[in-house]
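Sequential numbering of the sequence shown, starting at 0, is according to numbering that gives the first Met the number 0.
Positions of the beta carbon are idealized from the N, C-alpha and C atoms, including for glycine.
Written below as structure tokens is the structure these notes are about.
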Amino acid sequence: MAVDDILHTSQHPLLHSSGAHANNNKKKNINSVSLAKWILKFTMWIVFLAWVALFFVIPTDFGSELYADWIGATNGSLFGYTGSMLLLYSAPIIIIAFLAVPFLLISGEDQLQLQLQLQLQLQEKKTPRFRLWTFPVLVDGPLGVVSAAELIGIILFIVFVIWDVYVYTAVILGTLPDHLISIEQCCFILTNLGLRLGSIGLDCFAFLFLPVARGSVLLRLINIPFEQAIRYHVWLGHLTMLLFTLHGLLYVIAWTIEGNLLQNTLMWVDLGVGHFPGVISLAIGLIMWMTSLHPVRKKKFELFFYTHQLYVIFVVFLALHVGHFIFGVSAGGIFLFILDRFLRICQSRKIVDIISIKCLPCGTVELMLSKPANLRYNALSFIFLQVRELSWLQWHPFSVSSSPLDGKYHLSVLIKVIGKWTENLRGNILNSSRADLHLRPQTKITASVEGPYGHELPYHLMYENLILVAGGIGISPFLAILSDILHRNREGKPCLPRNIIIVWAVKRSNELPLLSTNDMESICPFFSDKLNLEIHIFVTRESQPPLEEGQVHEATNSSPLVSNCCSMSVLVGTGNNIWFGLYIISSTLGFVILLFLLDIFYINPYDISSWSYKGLLLVICMLASVFIFGGVVVGLWYLWERQNVAREACKDDRIMVEKMQHDEIVAHRDSCQQKLASSINTYYGSRPDFKDIFGDISEKWGYVDVGVIVCGPPSLQTSVAKEIRSQNIRRQRHHPIFHFNSHSFDV
Numbered sequence: 000m001a002v003d004d005i006l007h008t009s010q011h012p013l014l015h016s017s018g019a020h021a022n023n024n025k026k027k028n029i030n031s032v033s034l035a036k037w038i039l040k041f042t043m044w045i046v047f048l049a050w051v052a053l054f055f056v057i058p059t060d061f062g063s064e065l066y067a068d069w070i071g072a073t074n075g076s077l078f079g080y081t082g083s084m085l086l087l088y089s090a091p092i093i094i095i096a097f098l099a100v101p102f103l104l105i106s107g108e109d110q111l112q113l114q115l116q117l118q119l120q121l122q123e124k125k126t127p128r129f130r131l132w133t134f135p136v137l138v139d140g141p142l143g144v145v146s147a148a149e150l151i152g153i154i155l156f157i158v159f160v161i162w163d164v165y166v167y168t169a170v171i172l173g174t175l176p177d178h179l180i181s182i183e184q185c186c187f188i189l190t191n192l193g194l195r196l197g198s199i200g201l202d203c204f205a206f207l208f209l210p211v212a213r214g215s216v217l218l219r220l221i222n223i224p225f226e227q228a229i230r231y232h233v234w235l236g237h238l239t240m241l242l243f244t245l246h247g248l249l250y251v252i253a254w255t256i257e258g259n260l261l262q263n264t265l266m267w268v269d270l271g272v273g274h275f276p277g278v279i280s281l282a283i284g285l286i287m288w289m290t291s292l293h294p295v296r297k298k299k300f301e302l303f304f305y306t307h308q309l310y311v312i313f314v315v316f317l318a319l320h321v322g323h324f325i326f327g328v329s330a331g332g333i334f335l336f337i338l339d340r341f342l343r344i345c346q347s348r349k350i351v352d353i354i355s356i357k358c359l360p361c362g363t364v365e366l367m368l369s370k371p372a373n374l375r376y377n378a379l380s381f382i383f384l385q386v387r388e389l390s391w392l393q394w395h396p397f398s399v400s401s402s403p404l405d406g407k408y409h410l411s412v413l414i415k416v417i418g419k420w421t422e423n424l425r426g427n428i429l430n431s432s433r434a435d436l437h438l439r440p441q442t443k444i445t446a447s448v449e450g451p452y453g454h455e456l457p458y459h460l461m462y463e464n465l466i467l468v469a470g471g472i473g474i475s476p477f478l479a480i481l482s483d484i485l486h487r488n489r490e491g492k493p494c495l496p497r498n499i500i501i502v503w504a505v506k507r508s509n510e511l512p513l514l515s516t517n518d519m520e521s522i523c524p525f526f527s528d529k530l531n532l533e534i535h536i537f538v539t540r541e542s543q544p545p546l547e548e549g550q551v552h553e554a555t556n557s558s559p560l561v562s563n564c565c566s567m568s569v570l571v572g573t574g575n576n577i578w579f580g581l582y583i584i585s586s587t588l589g590f591v592i593l594l595f596l597l598d599i600f601y602i603n604p605y606d607i608s609s610w611s612y613k614g615l616l617l618v619i620c621m622l623a624s625v626f627i628f629g630g631v632v633v634g635l636w637y638l639w640e641r642q643n644v645a646r647e648a649c650k651d652d653r654i655m656v657e658k659m660q661h662d663e664i665v666a667h668r669d670s671c672q673q674k675l676a677s678s679i680n681t682y683y684g685s686r687p688d689f690k691d692i693f694g695d696i697s698e699k700w701g702y703v704d705v706g707v708i709v710c711g712p713p714s715l716q717t718s719v720a721k722e723i724r725s726q727n728i729r730r731q732r733h734h735p736i737f738h739f740n741s742h743s744f745d746v
């Protein structure tokens, strides 16, 4: 029996006599699944904590002894020092990725448990909880809005760097030869400290690629979407490049004092660390770092984007610089990134049908894209979109404006015209519609898609009380949230939200029709009886309503040339966990096999000893294992996907309202429209005062959990987070606890 059938059987489905035995079996299955998830989660935590502890312990005397014992026990194997380092530093994070796949598989099969928990939460008001991931601690600073959990992570990294610098400095001073003159002692300290700073930077580099893998199984495991995880990559990038820069600078100073700067800079030896590839790698890294700083990234985004593609050269020359076994410190994170990048390349090559195009009067474009029925996403997802007629290189992120329940075969995005790329897109669409009217050939528009990405679980369904704060086109994901909640109410699916307040700040009143792109009454008749909805709209650059307020301006529709039912690929984003698991396993096994074959038939017979060359071979093995072994799985995955699509009719199946008495619908729709109109408050010439808004909510809703989702510019996120922190800190018994979640990919 499906979940919906259970929920429709009775108002008390778990007490239904005919289904008692089935419910007992379901409870047993739920308990078994929960136990399996707990075991997997516990194992992953143990592996992760041991991996993190390794970086703290290694610099100490105890860690050095353990490291020497480990190398002595493992370097006699076929893979030698390379295998020892890969097992010690890279294997733990790959093991976590392996375990994450069955965990996500179980979680996917565990929807019944999740939905029943939502029902129980709906019936039983729980005491509000403090959540580390959603409580804003720092709200006004260079790091933006930082949650309690993120602050703990930042502190741990700072402690790690300070601890390592302290330990290594003590070791250097303790081993300083007494017979050296002062200048030689200075050079000894500089070179050894530079070496240790480079080692610490390499440790940070091991984490650098983990948050930037958009469809990473690790991000899905901890339910952190890419748009939030990218900030961790930025923070780690600044820290890593600072350490690498100090590493190189100390060596340059020491070599300058010694008088052999040019000779040492150009040195490239077979046995040991090659200086020249390190210089090239550092120079590339500095270019990437400088162009990624906020002023450059904001004003010259394309410069930042194109120079950031130099990371390939940076990684290759880093491997040439440090050699094969030292590169094993960071190989695990890089390998997982290569896995993700290859899938993204495969997905983005596919052309996706645009089912419909609509140009709204406010200048916003709505695209409806074709997708397969088995592609899952939630209402807070986003995609990366490419239009090849505009640019083959530019990919732009857009929030999904449709609910997964709107239809199995499509998703929609709203695109506001605010830049050259979006202006060209709207121009092509208008030219196409004019060509259609004059019976001229249409302008072709070809779309490619990466994603969808986003939260693994529907965050917006976890709270009975929701506050949605949007700025401009930031209303787009909230339209998806409203549609999702209305569909769930209509179909009787578990859905916690009962009280929703939307605070929307716009510059001009011509954007207000965006709110009416969802016909809420057609999605869920009688929704006003189940949902308390308040909408507060602030028009900031107009002091009074325009004279034409209330007039309806028709949108411009375009019917693009649709090809042979080409829908989005499921390779990235939510994907298919079974195929994704096979892809990871086959690529990892392929990596081990290629290393084995390389040692057996090339390195050992020909006595290859160059560190740089073996480091390059290690990178080539990583790439080849993903392209060859992983590529076979991707090919089979693609064929399986094509067979599934062939079984389905390529059509849009937007859910229609169930048949009811027409007179009843019309009569009630009029009353609902009146209720909806009365719940909308529009304020001209003012900005939202979140202190008053949250203060009123505290008095109205009482001591409850409140989910706050903000979608808009950083200034809006900061303002909301600052007031949430203030409310939570000074809350009393009658105040709710606010949980902050930002969603920033709306352009």
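- Contact between the stretch 497 to 507 and the stretch 462 to 477 is present: 3 or more CB-CB pairs across the two stretches fall below 8 Å.
- Bounds of any beta strand (DSSP E) do not take in Ser566, whose DSSP letter is neither H nor E.
- DSSP places Asn373 in the coil class of the three-state scheme, outside both helix and strand.
- The beta carbon of Glu510 is closer than 6 Å to those of Cys361 in its chain, skipping five residues each way along the sequence.
- Every alpha helix (DSSP H) stretch that sits fully inside the stretch 570 to 614 and reaches 4 residues is listed by chain position as 576 to 597.
- In this structure, the straight-line span from the alpha carbon of Gln184 to that of Pro276 is close to 27 Å.
- With contacts defined as CB atoms closer than 9 Å, Leu389 and Asn427 qualify as a contacting pair.
- Selection Phe134, Ile70 and Trp639 evaluated against Arg724 yields Phe134 as nearest (Cα-Cα).
- Non-local beta-carbon contacts of Cys345 in its own chain, meaning distances under 8 Å to residues more than five positions away in sequence, involve Ser568, Leu570, Val633 and Tyr637 in chain order.
- Taking 9 Å as the cut-off, the beta carbon of Val351 is found closer than this to the beta carbon of Val448.
- Excluding five sequence positions before and after Trp69, the CB atoms of its chain that fall closer than 7 Å to its own CB belong to Ser83 and Leu87, given in chain order.
- In the DSSP assignment, Lys492 is bridged to no other residue.
- Non-local beta-carbon contacts of Pro91 in its own chain, meaning distances under 6 Å to residues more than five positions away in sequence, involve Val46 and Trp50 in chain order.
- Where Thr681 is concerned, there is no enclosing alpha helix (DSSP H), although the beta strand (DSSP E) around it starts and stops at Ile679 to Tyr683.
- Beyond the five residues adjoining it in sequence on each side, Trp288 comes within less than 6 Å, by CB distance, of Met240 in the same chain, given in chain order.
- Excluding residues up to 5 positions away in sequence, Asp269 and Leu270 lie with their Cβ nearer than 7 Å to the Cβ of Ser608 in the same chain.
- Separation of the CB atoms of Gly322 and Lys613 is rounded to 7 Å, and the pair is thereby assigned contact status at 8 Å.
- With a threshold of 16 other beta carbon atoms within 10 Å, Gln385 meets it and is buried.
- Sequence-distant partners of Asn377 (beyond 5 residues in either direction) whose C-beta falls short of 7 Å from its own C-beta, in its chain, are Pro403, Gly453, His454 and Pro457.
- Under the three-state reduction of DSSP output, Ile356 falls in the strand class.
- For Cys361, the three-state secondary structure derived from DSSP is coil.
- In the DSSP assignment, Trp162 falls outside any beta strand (DSSP E) and lies within the alpha helix (DSSP H) extending over Ala147 to Gly173.
- Looking from the CA of His409, the closest CA among Leu366, Ile157, Trp391 and Phe383 belongs to Leu366.
- In this structure, DSSP gives Phe134 a state outside helix and strand, which the three-state scheme calls coil.
- Counting along the chain, no beta strand (DSSP E) covers Ser329, and no H or E run does either.
- Contact check for Asn680 against Ile534 passes: the beta carbons are separated by less than 9 Å.
- Comparing alpha-carbon positions, the option among Val32, Phe187 and Tyr167 lying closest to Gly62 turns out to be Tyr167.
- Beta-bridge annotation (DSSP): Leu317 is not paired with any residue.
- Leu317 has its alpha-carbon roughly 22 Å from the corresponding atom of Val164.
- By DSSP's assignment, Val399 forms a beta bridge with Val412.
- Take the alpha-carbon of Ile480 and the one of Gly491: they are about 16 Å apart.
- In this chain, Glu510 is not harboured by any beta strand (DSSP E), its DSSP state being neither H nor E.
- Checking the DSSP bridge columns, you'll see Ile382 partnered with Phe397.
- Leaving aside the five residues that flank Gly197 on each side, the residues in its chain whose CB is nearer than 6 Å to its CB run, in chain order, His246.
- With contacts defined as CB atoms closer than 9 Å, Gly79 and Asp598 qualify as a contacting pair.
- Of the residues Ser475, Leu392, Asp339 and Lys297, the one whose Cα lies closest to the Cα of Leu379 is Ser475.
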